[in-house]
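Residue numbers (this note's numbering): 2 to 587.
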């Protein structure tokens, strides 16, 4: 799950760009749950049976499901989330321990290495770490210079992989939501040249701001609402700096997430031009600081919010300038994805993927007391589930007709970098990858009647999951916080962008014995007490019965797809369908 704490590993801390992963699934439990009745999924059909005969399929499913057991699942979590593994930060001794553990387990199960004769795939990464604590200074307008302090008022950085960066007397322009979307007839940069200037941007998109279902996707965030899109678009427009105004509800996380996530080393892919085309400075300022800034410019922030959500908005020069100096330390490492494969019996070139990220936030030696972000739920639990599913498939008397890939990716907490690298350098052609299922945080509070699917209704993979769930009298529930854009914030997204249909399921909230209120309570407790904190540690008191049920459901779903001759596609109107269609016709 990608929402970070300031994390410094034993040899160097790892902080990341924000994406939610597990947080998305945990927080999804918290909303819209006044009615304790389980909703029936809409538009879900039962897929035709796979090529194997019914009896054989049932035998295979039962055989594999029986291999998934509580003792092994708990043992994997306990080891991966132990203090010895140091929080599993990329580039740390904890990575070495984790990769060794995963490769040894896959080998012991008799699964083949997926990368030739190796279970690993190198993922080159570069870290950029601030070594100063830069002030962000605004000049001009009313009164004295406005000096915003690092961490408390602002968090700034650069993605340029250089030792020194910054801005000097850079003109400020308010560009509303910072969106250029020709297909939606929306361009916040129309009529303004921001080359060499610093843009000030609102988070999320006008659809969320207006709740107008005809504007963008209404309440549901589009990719245009994501901070990474906005920073990239600012760079495409030639901006020297890009500053986002933090606002808790549209951002979906508090200021503490910003201050914990974008400090310490910031990892990215190794950029051949050292990121020369990126803005020299990116960052966030608090809502209170923004109000002071706009007042200094003679502007009312609330009025600017109102104008920005209107079609035809024009960017507003603020009559101010910004300056900041960034001093960085640069380091390049080779992190690793870990991958094993069970070869298919009939169509071994066709691949179904199970994936989970193995990394977490590492160790912060500056903390007093406990310094290790163990990441038990996030995502030792998902990685343990990956290993249990691998074991389930390894016990089958006959492999499914298609191959099954088990992929543990690195650097999710740094911005989905391991999955980004795999999508760009797949071990098997993406055109031959039937689909996949991503696990980012497993249920630790007991059996539920439902299962949350982030992105429900986007692909025909839902039909397979729904059919398997129905056999256990369970139902699929859509993401209840679509405005947060969680589909774009975990590892499946990088494969989806490349056209591969992907499932992103997570635990439900309707506890079989204690109802919705209990599920909400447990989710709230995790977010408030443990999420991306050193307290996210394994506890034997966890009720993993729900996780075991979910793993069985994921196993059955993947097995049905792997035994099928179908090629599930994205639904009509989904943004990834055209890519997939072109991919499959090449």
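The C-beta atom is built at its ideal place from N, Cα and C for all residues, glycine as well. Keep in mind it's a predicted model, so treat the numbers as computed, not measured.
| Asked | Found |
| --- | --- |
| Extent of the continuous beta strand (DSSP E) to which residue 158 belongs | 155-158 |
| Top-ranked residue by Cα proximity to residue 227, from 245, 79, 359, 132 | 245 |
| Spatial distance of residue 151 from residue 221 (CA atoms) | 32 Å |
| Same chain, Cβ closer than 8 Å to residue 88, neighbours up to 5 away in sequence not counted | 8, 10, 95, 361, 362, 363, 364, 373, 374, 375, 376 |
| Rounded separation between residue 537 and residue 276 - CA only | 35 Å |
| Bounding residues of the alpha helix (DSSP H) (the contiguous stretch that carries residue 358) | From DSSP, residue 358 is part of no alpha helix (DSSP H) but of the beta strand (DSSP E) over 348-358. |
| Of the listed residues 531, 186, 418, 390, nearest to residue 110 (C-alpha basis) | 390 |
| Assumed close pair residue 382, residue 550 - CB separation to whole angstroms, cut-off 8 Å | Not a contact, Cβ separation roughly 14 Å. |
| Three CB pairs or more closer than 8 Å across the stretch 422-439 and the stretch 397-411 | yes |
| Same chain only: Cβ atoms within 6 Å of residue 558, ignoring 5 sequence neighbours per side | 465, 466, 469 |
| Collapsed DSSP secondary structure at residue 559 in the structure displayed | helix |
| First through last residue of the beta strand (DSSP E) which encompasses residue 318 | 317-343 |
| Local conformation of residue 92 per DSSP, three classes | coil |
| Span separating the alpha-carbon of residue 258 from that of residue 444 | 23 Å |
| DSSP bridge partner residues for residue 166 (one or two, in chain order) | 327 |
| Per DSSP, cross-strand counterpart(s) of residue 477 | 452 |
| Option in 486, 78, 560 with minimal Cα separation from residue 250 | 486 |
| Boundaries of the alpha helix (DSSP H) in which residue 271 is found, first to last residue | From DSSP, residue 271 is part of no alpha helix (DSSP H); its letter is neither H nor E. |
| Three or more C-beta pairs below 8 Å linking the stretch 117-125 and the stretch 329-349 | yes |
| Residue 63 versus residue 560 - alpha carbon distance | 11 Å |
| Three-state secondary structure (DSSP) of residue 34 | In this predicted model, residue 34 has a pLDDT of only 38, less than 50, meaning its place in the structure is not dependable; the value taken from the coordinates is given anyway. Residue 34 falls in the coil class under three-state DSSP. |
| Nearest neighbour of residue 287, chosen from 146, 442, 252 [CA to CA] | 252 |
| C-beta contact flag for residue 580 and residue 500 at 9 Å | yes |
| For residue 187: DSSP bridge partner residues | 182 |
| Close-in-space but distant-in-sequence residues of the same chain around residue 208 (CB under 6 Å, 5 per side omitted) | 216, 217, 218, 219 |
| Residue 552 - DSSP class collapsed to helix/strand/coil | helix |
| Exposure label - residue 347; buried when at least 16 CB within 10 Å | exposed |
| Span separating the alpha-carbon of residue 45 from that of residue 484 | In this predicted model, residue 45 has a pLDDT of only 38, less than 50, meaning its place in the structure is not dependable enough to derive any value. |
| Beta bridge counterpart(s) of residue 123 as assigned by DSSP | 337 |
| Contained beta strand (DSSP E) runs [length at least 3] in the stretch 187-260, N- to C-terminal order | 199-203, 242-246 |
| Beta-carbon separation (whole angstroms), residue 199 vs residue 82, contact threshold 8 Å | Actually they do not touch by this definition, with Cβ atoms about 42 Å apart. |
| N-terminal and C-terminal residue of the beta strand (DSSP E) that residue 79 is part of | Taken as a continuous stretch (DSSP letters only), residue 79 belongs to no beta strand (DSSP E), being part of the alpha helix (DSSP H) at 71-81. |
| Of the residues 72, 565, 586, the one placed nearest residue 353, counting alpha carbons only | 565 |
| Buried versus exposed, by CB contacts within 10 Å (16 or more), residue 507 | buried |
| Residue 502 classed as buried or exposed, judged by whether at least 16 other C-beta atoms fall within 10 angstroms | buried |
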